[in-house]
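Under the working numbering, the first residue of the sequence shown is numbered 2, with each subsequent residue one higher. A virtual CB, placed ideally from N, CA and C, is assigned to each residue, including glycine. Just so you know, these numbers come straight off a predicted model, no measurement behind them.
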Amino acid sequence: MWKDANNKVEELYVNFKKIKKFPTECPMCKKNDAHLYMHTYDEKTRRGGLWIWCSECHTFFHSSIYVPRYWKNCVDIELENLCAIPIYLDEIKDKIDKHANELI
């Protein structure tokens, strides 16, 4: 079962530029199975969504954000499958990690 996280997980977003590679260490369970994905819904305003989750302990964080300019949407994402709980994102975590690693 997925558990909505506290702000500790949000540290991965704040420290995104310092992360060397995904998956990375989960702030909750300390396993190397944490992932991050952002998706821009409006290119003009840069409004979008943020997902941070751990495949090991099933802790997640989801929020609306202004997506940074350096971030590009992953072409493999099926928009209709995105929702707050990262079940779909976890199913394609390898593609998402590869995408995030290319942007680092």
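Original post:
Which whole-angstrom value is the C-beta distance of Val10 and Phe62, which I expect to be below 8 Å?
Top reply: The sequence position of residue 10 within the sequence shown is 9, counting from 1. The sequence position of residue 62 within the sequence shown is 61, counting from 1. About 4 Å separates the two Cβ atoms, so the contact holds.
Subject >> Bounding residues of the beta strand (DSSP E) (the contiguous stretch that carries Leu104) >> reply: Translated into positions along the sequence shown, residue 104 becomes position 103. Unbroken run through Leu104 is the alpha helix (DSSP H), Lys94 to Leu104; no beta strand (DSSP E).
Subject >> Contact under 7 Å by Cβ, Glu57 with Asp91 >> reply: Looking up residue 57 in the sequence shown gives position 56. Looking up residue 91 in the sequence shown gives position 90. Not closer than 7 Å, so no.
Subject >> Three-state class that DSSP yields for Ile20 in the structure shown >> reply: For the purposes of this step, residue 20 is taken as the residue at position 19 of the sequence shown. Ile20 falls in the coil class under three-state DSSP.
Original post:
For Lys31, which option in Asp77, Ile78 and His59 has the closest C-alpha, if you only look at C-alpha atoms?
Top reply: Locating residue 31 in the sequence shown gives position 30, where the first residue counts as 1. Here the closest residue by C-alpha is His59.
Original post:
Just curious, the beta strand (DSSP E) that Leu37 is in, first and last residue?
Top reply: Looking up residue 37 in the sequence shown gives position 36. Start and end: Asn33 to Asp43.
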